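Report on one structure; see the data block that follows.
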Amino acid sequence: MARLAQTAGLTDVQEEIISTVRDFVDKEIIPHAQALEHADEYPTDIVEGMKEMGLFGLTIPEEFGGLGESLLTYALVVEQIARGWMSVSGVINTHFIVAHMIKQHGTPEQKQHYLPKMATGEIRGSFSMSEPDLGSDVAAIKTRAKKDGDDYVIDGAKMWLTNGGSSNLIALLVKTDEGADKAHKNLTTFLIDKEPGFGEVAPGLTIPGKIDKMGYKGVDTTEAVFADYRVGADKILGGASGKGFAHMMDGVEVGRVNVAARACGIAIRAFELAIEYAQQRKTFGKQIADHQAIAFKLAEMATKVEAAHLMMVNAARLKDSGERNDVEAGMAKYLASEYCAEVTQESFRIHGGYGYSKEYEIERLMREAPFLLIGEGTSEIQKTIISRGLLREYKARG
Ligand SMILES: Cc1cc2nc3c(=O)[nH]c(=O)nc-3n(C[C@H](O)[C@H](O)[C@H](O)COP(=O)(O)OP(=O)(O)OC[C@H]3O[C@@H](n4cnc5c(N)ncnc54)[C@H](O)[C@@H]3O)c2cc1C
Numbered sequence: 000m001a002r003l004a005q006t007a008g009l010t011d012v013q014e015e016i017i018s019t020v021r022d023f024v025d026k027e028i029i030p031h032a033q034a035l036e037h038a039d040e041y042p043t044d045i046v047e048g049m050k051e052m053g054l055f056g057l058t059i060p061e062e063f064g065g066l067g068e069s070l071l072t073y074a075l076v077v078e079q080i081a082r083g084w085m086s087v088s089g090v091i092n093t094h095f096i097v098a099h100m101i102k103q104h105g106t107p108e109q110k111q112h113y114l115p116k117m118a119t120g121e122i123r124g125s126f127s128m129s130e131p132d133l134g135s136d137v138a139a140i141k142t143r144a145k146k147d148g149d150d151y152v153i154d155g156a157k158m159w160l161t162n163g164g165s166s167n168l169i170a171l172l173v174k175t176d177e178g179a180d181k182a183h184k185n186l187t188t189f190l191i192d193k194e195p196g197f198g199e200v201a202p203g204l205t206i207p208g209k210i211d212k213m214g215y216k217g218v219d220t221t222e223a224v225f226a227d228y229r230v231g232a233d234k235i236l237g238g239a240s241g242k243g244f245a246h247m248m249d250g251v252e253v254g255r256v257n258v259a260a261r262a263c264g265i266a267i268r269a270f271e272l273a274i275e276y277a278q279q280r281k282t283f284g285k286q287i288a289d290h291q292a293i294a295f296k297l298a299e300m301a302t303k304v305e306a307a308h309l310m311m312v313n314a315a316r317l318k319d320s321g322e323r324n325d326v327e328a329g330m331a332k333y334l335a336s337e338y339c340a341e342v343t344q345e346s347f348r349i350h351g352g353y354g355y356s357k358e359y360e361i362e363r364l365m366r367e368a369p370f371l372l373i374g375e376g377t378s379e380i381q382k383t384i385i386s387r388g389l390l391r392e393y394k395a396r397g
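Shown next, in the form of structure tokens:
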């Protein structure tokens, strides 16, 4: 699609990366996405293709064997991939967040150990904050790490680990006992090595199996159960306990730009499908695009795609400039995910009865879009973050 979701001011390298990924999506993802998704099959060949393109190391610094690209480049790549099939972007997203956390907060030894292998995709990351009893209320985490000599012993249950089965590294947020008065200062991130797969993947760590989901299929989402799991203090991210909340919030800030980018990708695809179908389907003697009601839907959908894309790009550029982007990432994630749900719904309506058939791509997009309203913080949580940030900024005097 030539016109929508263009980004001004990209470097030649960025342009080349995006165009390579767009070709890959058109040739290797879109033709296979429906079948793989309906079969809930892991996209092994596609993942191998992404490894070859260096996408697992896209944002990892060159000194560690990555491509050293920005969050913006990453987000534009994710937008393209999600346009093909959102699950594929899920495969790289938790990996990217964990690599970001290690790059920003890891000890020199942790960077040296993990980042080169993460750049090639040999080590693949998942990240775990959520538990069966909590998602939004991160500070209420119950999974606990107790100090025992030089080690820690972890007990508790985690929920909703994207790539929980296929990864061999989990960035795990647990409660530790720093004794601080604020709950979020008693949290620590551990880097947990494990075997990929299901069952007991390390002594004291069980990944029970895949959660059967409404959409976002192919990529595995799992629980993780820790029972007397022993880990050395050298596996604490950054070496010091009590800093996990800040690590994870940094991770989700880039994660929110990524979710916004996914929403843009799905919305672009939903629009592409709608505008094509609207020029083929005829009712009352003319193509449905010639009914003003349908043409106006297309205009509204395209405007939403543009707005979401621009906000997502703005949030990514802000983070790349070194600024905090909590408010802008929250706004981008909130707007893009809500617009994505609206645009897919309109595309579905334009497809008439065929939109309800599993033969049509829009049926899949309709099941994917709702996840974006929830993942990396719900719309309500984004509004909390946005309003808090604004009230801080616009504090009334007197
Ligand atoms: C497919 C999938 C993949 C996921 N992958 C991961 C992952 O890789 N790692 C990970 O850690 N987590 C992951 N999650 C978990 C996800 O981040 C949480 O589901 C999400 O943060 C919401 O938490 P919750 O489900 O516990 O909902 P709750 O926090 O229980 O919220 C329930 C409802 O109450 C609302 N609500 C809650 N608190 C407030 C408030 N203060 N004000 C107003 N409204 C409020 C929410 O907006 C929501 O509508 C995944 C989830 C899914 C579905």
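Using numbering that gives the first Met the number 0, the letters of the sequence shown map in sequence onto residues 0 to 397.
Just so you know, even glycine gets a beta-carbon here, dropped at the ideal spot from N, CA and C.
These numbers come from a predicted model, not from an experiment.
In summary, residue 12 is exposed, with fewer than 16 beta-carbon neighbours lying within 10 Å of its beta-carbon over all protein chains present. Residue 9 and residue 113 have their C-alpha atoms some 30 Å from each other.
By the criterion of at least three beta-carbon pairs nearer than 8 Å, the stretch 132 to 145 is in contact with the stretch 186 to 205.
A distance of 8 Å or more separates the beta carbons of residue 52 and residue 95.
When the beta-carbon positions are compared, residue 64 and residue 119 come within less than 8 Å of each other.
For residue 43, the number of other beta carbons within 10 angstroms of its own is below 16, and it is reported as exposed. In this structure, the straight-line span from the alpha carbon of residue 71 to that of residue 284 is close to 46 Å.
The closest CA to that of residue 199, considering only 227, 173, 211, 183, is found on 227. Per DSSP, reduced to three states, the secondary structure at residue 285 is strand.
Straight across, the Cα-Cα distance linking residue 100 with residue 298 is about 40 Å. When secondary structure is reduced to three states using DSSP, residue 358 falls in the coil class, being assigned neither helix nor strand. One Cα belongs to residue 137, the other to residue 121, and the distance between them is close to 30 Å.
Per DSSP, reduced to three states, the secondary structure at residue 45 is helical. For residue 184, the three-state secondary structure derived from DSSP is helix. Residue side-chain check: residue 380 places its Cβ nearer than 7 Å to a non-hydrogen atom of ligand 1. Residue range 107 to 119 is occupied by the alpha helix (DSSP H) that includes residue 116. A heavy atom of ligand 1 is found nearer than 7 Å to the CB of residue 377. Counting C-beta pairs closer than 8 Å gives three or more between the stretch 71 to 84 and the stretch 258 to 274, which meets the contact rule. Excluding the 5 residues flanking it on each side, residue 319 has same chain C-beta neighbours closer than 7 Å at 69, 70, 71, in chain order.
When secondary structure is reduced to three states using DSSP, residue 193 falls in the coil class, being assigned neither helix nor strand. In the DSSP annotation of this structure, residue 297 is not part of any beta strand (DSSP E); the continuous alpha helix (DSSP H) holding it starts and ends at 291 to 319. The beta carbon of residue 383 sits closer than 7 Å to at least one heavy atom of ligand 1.
For residue 74, the uninterrupted alpha helix (DSSP H) run begins and ends at 70 to 83, by DSSP. In the structure shown, residue 144 falls within a strand segment according to DSSP collapsed to helix, strand and coil. In the displayed model, residue 124 falls within a strand according to three-state DSSP. In the structure shown, residue 198 falls within a strand segment according to DSSP collapsed to helix, strand and coil.
Assigned with DSSP and collapsed to three states, residue 65 falls in coil, not helix or strand. Taking C-alpha positions only, residue 387 is separated from residue 278 by approximately 45 Å.
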